[in-house]
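K.L.:
In order, the protein sequence lines correspond to chains P and H. Here the first sequence stands for residues 1 to 154, where the numbers follow the numbering used here. Here the second sequence stands for residues 1 to 732, where the numbers follow the numbering used here.
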Amino acid sequence: MRTLTINDRPVEVDADPETPLLWVLRDHLGMTGTKFGCGKALCGACTVHVDGTPMRSCSLPLAAVAGRKIATIEGLSKDRGHPVQRAWIELDVPQCGYCQSGQIMSAVALLTQTKNPTDADIDAAMAGNICRCGTYARIRAAIHRAAELTRNGQ
Amino acid sequence: MSPPEARHVAASGRPEETGRRDFLRGAARLGGGLVLALVLPACAPKRAASGMRGASAGGTGGQVNAWLKIAGDNTITVLVDRSEMGQGVYTALPTLLAEELEVPLAKIRIEAAPVGDAYINVGNGGQVTGTSNSVSDAWDKLRLAGARARTMLISAGADVWGVAPAECHAEAGTVVNARGESLTYGQLAEAAAKLPVPKDVPLKPAAKFALIGRSLPRLDTPDKCNGSAEFGIDVRRPGMLYATLAQSPVLGGSAKEFDDSAAAALPGVRKILQTPTGVVVVADHFWQAVKARDALKISWHAAAETTALDDVAIRSRLHKTLATDPGKAARSEGDVAGALRTAASLHAATYELPLLAHATMEPMNCTADVTAEGCDLYVGTQVQQMAQAAAAEAAGLPPERVRVHTTLLGGGFGRRLEIDFIPAAVAASKAVGVPVQLIWTREDDMTHDYYRPPAAIRLDAGFDTSHKLVAWRFHSVSPSITARFAPDTPDPFDSVVEGAANTPYAVPNLSVNYTRQEIGLGVGYMRSVSHAINCFAIESFMDELAHAAGRDPLSFRLELLDQKPRHRRVLQAAADLAGWGQAPAGHHLGLALMEGYTTVIAQVAQISIEQGALKIHKISCAVDCGQMVNPKIVESQISGGIVFGLSTALWGEINVAGGQVRQQNFNTYRVVRHNEMPEIVVQLLDSTEPPGGIGEPSVALVAPALGNAIFAATGQRIRALPLAAQKFVKIA
């Protein structure tokens, strides 16, 4: 039994320590917002925050995250009220939507580090998140919009 | 992503009968010869007669027609019979119904329709989401459904008040009478559902549209921003186990024998079973199933000819056939051979395209719950009836006892027109007696796709002495997708000559031929299907001809489109948008035009070559897709299709060696990322034409536009894809 902190709550998990965090979240804890895309940290669909840093949960064994603070898409807000979520909704960013949890978690991490990112900052921070529907331009616009909402204290 | 689309589209936009029948026959065959039983369980809900007419104010609601349920609490649910895979049908289709029902779009809730006759997509010959025709299929049907429901609700309200229906009207989900009294739809639905369905209900003229044509927010957006949207892989059923499938590394092979002693001893493993598609491992958790699968020792059997298959063999089959077989004519006008013989000058070129994988973000998966009574199937599918038939066969049940619950699709692109990931999930659930979710890994997904067919295409053209184009011969060679779905098809062409047989360019002597050449691998429909294959060749060749004639590629095309004002307008709009003829110093433009899915579209690529490497600055695109339901969704589909086309143009290639696919994941099957995006500008032209397809057309033009821009910059002609595999192209 290992104790994780997920979205500020302690959670007990009984799983093989090699189990990737992605499957602990999805199968053991029923938190399906974090997605399986590639299993090799190549696509970003499984992005979560570990101690505030965006990481690919498909390639992080449970043993490596015990005792660390994990944040997932489910913990961003209760009412889709996080500025990044609001910007995403305002701009209707998703198409199929499958990659968007990962995109949003990468964007939140970027905006935590860099309040007003440039396009180059966005390219660098988001290059690990693939979207096959091609929503990239709206993601870029939504990140700028989220920065603006935060700047204006909205 | 199109199922067997009829090649010949009548003026009404309705494909001919043949394609539809073929698709159903193919569907039945894939279901193991089962006759598809098309049942509609929910269309006309049975309920006890509930007393007197008009006593329903405060009623319990009801299902008014196949697409509409109204609950007593005024919750309005639209059953959407097309699969939502990002293209926006969960918004566009309800918009059509809501327009006539007189309810705000935001009030509508969505439910995926079950399998049913009412939900058949006539143009696709089944309950199929494909061919970019969801809106054109629904355009009249769902508006009429909304108008009829509104009429019935008004009649029910008039009955309650004892007044004539003409004295009442519908307004924002209520029926209002002349005295200003109102009843909600929820109060009236139960009574309304029992009224006869009115026949001739007039539909609103476009000028009166309140919802159609507006960029209203998508209904599926909020749940896609907090992780709550349910894709197939997110289905959770009580007591559910997880499974994975070991498939033959050589395509088409099967397990001869296997040793599961090590695997069966691993933690969490519940069952290991052989099925027709491979060896299934069922475990408490997916990761345990994957670990156990790795521990299986399987000896595979595969056909010797497949095991010998590689890229060289595939190419050589196509090119040999191209050189030796004239093909069958899909279109023939004038005397092409004669015109080529007497032409003042000739031009010829051969183009080739590789196999491609769909690579949806959500890998293939399926959840099945088989009991003695029936089977519940939870799956992201584009083909509900075929999914039902496949599950029925695997479960040993009649199709009507399989209930298909369509989830959101984490990308479709035509991959989910296939049902190959369904039977093993059903077999596993049947074997363990509880629900089972079977997931393919990314590697499974990429190495066991039904790939976009490769093709070899030769074009010949002749000019007369005044440099007028007088002969055009198109001949493509590729394996047939349709023949796999519908082996008895009498039509050898189907979608394979789309974009070619309907070329808008006027050439007096013209022929379009196709030769079917199988390659020993299953091929499938992929977004834009043969448009993306044929238009690469046609639009690149058109550029070659313009240069051969010493003409500007834009004016050369415009001249050949003399009788096609719609195409001229779109092409000119794209050229204007891109600043044709005014590229900044060091930048170069290439253009391409197509009609596909009854949409007319043109693109211009703007590039430069920086230190020997290709830099793509901008893709400009103009579209006439007829009347639009939601322009913002249209724009997102057009621009998203460009990104999809860009990935395939730059890097898309599946390589085969020893009958196995070499690409395994996104490191070797590269797709465009944030930092690799050019600027994309889309102009949607006002149009009164019937609604055309928007999900697929834009994919097809990226490669030829880029190739033509590269020629403008370097004088090097791109005749094969992907660009990254061409020796002189480096990608910045």
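We put the beta carbon where it would ideally sit given N, CA and C, even for glycine. Because the structure is a prediction, the values reported are computed rather than measured.
Would you mind giving the Cβ-Cβ distance between H/E171 and H/E102, rounded to the nearest angstrom? I have them listed as a contact below 8 Å.
P.N.:
The Cβ separation is near 6 Å, so the contact holds.
K.L.:
If we define contact as Cβ-Cβ less than 8 Å, is H/W287 a contact residue for chain P?
P.N.:
At least one chain P Cβ lies under 8 Å of H/W287.
K.L.:
Who are H/L153's beta bridge partners in DSSP?
P.N.:
In DSSP, H/L153 forms no bridge with anything.
K.L.:
If we call anything under 8 Å between Cβ atoms a contact, is H/T60 one with H/K69?
P.N.:
No, these two residues do not count as a Cβ contact at 8 Å.
K.L.:
Pull up the DSSP beta-bridge partners for H/A255, would you.
P.N.:
Beta-bridge pairing links H/A255 to H/W300.
K.L.:
Which of the three DSSP states, helix, strand or coil, is assigned to H/V402?
P.N.:
H/V402: strand per DSSP, three-state reduction.
K.L.:
Roughly how many angstroms lie between the CA atoms of H/L646 and H/V201, to the nearest whole one?
P.N.:
H/L646 and H/V201: Cα-Cα distance of roughly 45 Å.
K.L.:
Where does the unbroken beta strand (DSSP E) through P/V50 begin, and where does it stop?
P.N.:
Residues T47 to V50.
K.L.:
Helix, strand or coil for H/A48, going by three-state DSSP, please let me know.
P.N.:
Any reading at H/A48 must be qualified, since the residue scores a pLDDT of 30, below 50, and its modelled position is unreliable; the value itself is stated next. Coil at H/A48, not helix or strand.
K.L.:
What do you reckon, are the CB atoms on H/G278 and H/A424 nearer than 8 Å?
P.N.:
Yes.
K.L.:
So which of H/G374, H/A368 and H/R403 has the shortest CA-CA distance to H/Q384?
P.N.:
Measuring from the Cα of H/Q384, the nearest candidate turns out to be H/R403.
K.L.:
Answer with buried or exposed for H/Q611, where buried requires no fewer than 16 other C-beta atoms within 10 angstroms of its C-beta.
P.N.:
Classification of H/Q611: exposed, given that the 10 Å Cβ count is below 16.
K.L.:
Does the Cβ of H/P697 have 16 or more other Cβ atoms within 10 Å, making it buried, or fewer, making it exposed?
P.N.:
H/P697 should be labelled buried.
K.L.:
Nearest-angstrom Cα distance between H/I731 and P/A141?
P.N.:
For H/I731 and P/A141, the distance between alpha carbons rounds to 25 Å.
K.L.:
Quick one: what's H/N509 bridged to in DSSP?
P.N.:
DSSP, once it has assigned bridges, lists H/A471 as partnering H/N509.
K.L.:
What is the DSSP secondary structure of H/G26, counted as helix, strand or coil?
P.N.:
For H/G26, the predicted structure reports a pLDDT of 39, less than 50, and the residue's modelled location is therefore unreliable. A value from the coordinates is still provided. Three-state DSSP puts H/G26 in a helix.
K.L.:
For chain H, is any of its Cβ atoms less than 8 Å away from the one on P/T107?
P.N.:
Reading off the sequence shown, one finds Ala at residue 107 of chain P, where the question assumed Thr. Not one chain H Cβ lies under 8 Å of P/A107.
K.L.:
Starting from H/D220, find everything on chain P with Cβ-Cβ shorter than 8 Å and list it in chain order.
P.N.:
Within chain P, the residues near H/D220 are P94 and G97.
K.L.:
Residue ranges of each alpha helix (DSSP H) run of no fewer than 4 residues wholly in the stretch 542–574 of chain H, ordered along the chain?
P.N.:
You should have 553–560.
K.L.:
Determine, using beta carbons only, whether H/Y242 comes closer than 8 Å to chain P.
P.N.:
For H/Y242, the answer is yes, since a Cβ of chain P falls inside 8 Å of its Cβ.
K.L.:
By the criterion of Cβ-Cβ separation under 8 Å, what are the contact partners of P/Q100 in chain H?
P.N.:
Ordered by position in chain H, the residues that pass the 8 Å Cβ test against P/Q100 are K224 and C225.
K.L.:
Using alpha carbons as the reference points, say which of P/E18, P/V13 and P/E12 lies closest to H/W287.
P.N.:
Closest by alpha carbon: P/E18.
K.L.:
Quick check on DSSP: helix, strand or coil for H/P182?
P.N.:
The question names Pro, but residue 182 of chain H is Ser in the sequence shown. Reduced to three states, the DSSP call for H/S182 is strand.
K.L.:
Does any C-beta atom of chain H lie closer than 8 Å to the C-beta of P/T118?
P.N.:
No, no contact with chain H.
K.L.:
Would DSSP call P/T54 helix, strand or coil?
P.N.:
The sequence given here has Pro at residue 54 of chain P, not Thr. Three-state DSSP puts P/P54 in a strand.
K.L.:
Give me the subset of the stretch 117–134 of chain H whose CB atoms are less than 8 Å from a CB atom of chain P, sorted by chain position.
P.N.:
Cβ contacts with chain P: none found.
K.L.:
Per DSSP, H/F463 is paired with what?
P.N.:
DSSP, once it has assigned bridges, lists H/S345 and H/L469 as partnering H/F463.
K.L.:
My guess is that H/V570 and H/A330 are in contact by the Cβ rule of under 8 Å, so how many angstroms apart are they, rounded?
P.N.:
Their Cβ separation, rounded to whole angstroms, is 24 Å, which puts H/V570 and H/A330 out of contact at 8 Å.
K.L.:
Checking 8 Å against the spacing of the C-beta atoms, do H/F474 and H/I538 come in under that value?
P.N.:
Contact flag set, yes.
K.L.:
Determine whether the beta carbon atoms of H/I422 and H/Y242 lie at a separation below 8 Å.
P.N.:
Taking 8 Å as the Cβ cut-off, H/I422 and H/Y242 do not qualify as a contacting pair.
K.L.:
Quick check on this structure: which residue in H/T482, H/H301 and H/D552 has the alpha carbon closest to the alpha carbon of H/Y525?
P.N.:
Comparing Cα positions, the closest option is H/T482.
K.L.:
Return the chain-ordered list of same chain residues with a C-beta closer than 6 Å to the C-beta of H/L733, the five sequence neighbours on each side being excluded.
P.N.:
Lying before the first or after the last residue shown, residue 733 of chain H is absent from chain H, which here runs from 1 to 732.
K.L.:
Less than 8 Å between CB atoms is the rule here; does H/D22 satisfy it with respect to chain P?
P.N.:
Model confidence at H/D22 stands at a pLDDT of 40, short of 50, so the residue's coordinates are unreliable and nothing is read from them.
K.L.:
In terms of DSSP beta bridges, what is H/R331 paired with?
P.N.:
H/R331 is bridged to H/V512.
K.L.:
Go through its chain and collect everything with a Cβ distance to H/A344's Cβ below 7 Å, but skip five positions before and after it.
P.N.:
F463, D464 and T465.
K.L.:
Can you tell which of P/H28, P/Y136 and P/M126 has the C-alpha that lies nearest to the C-alpha of P/R56?
P.N.:
With distances taken between Cα atoms, P/R56 lies closest to P/M126.
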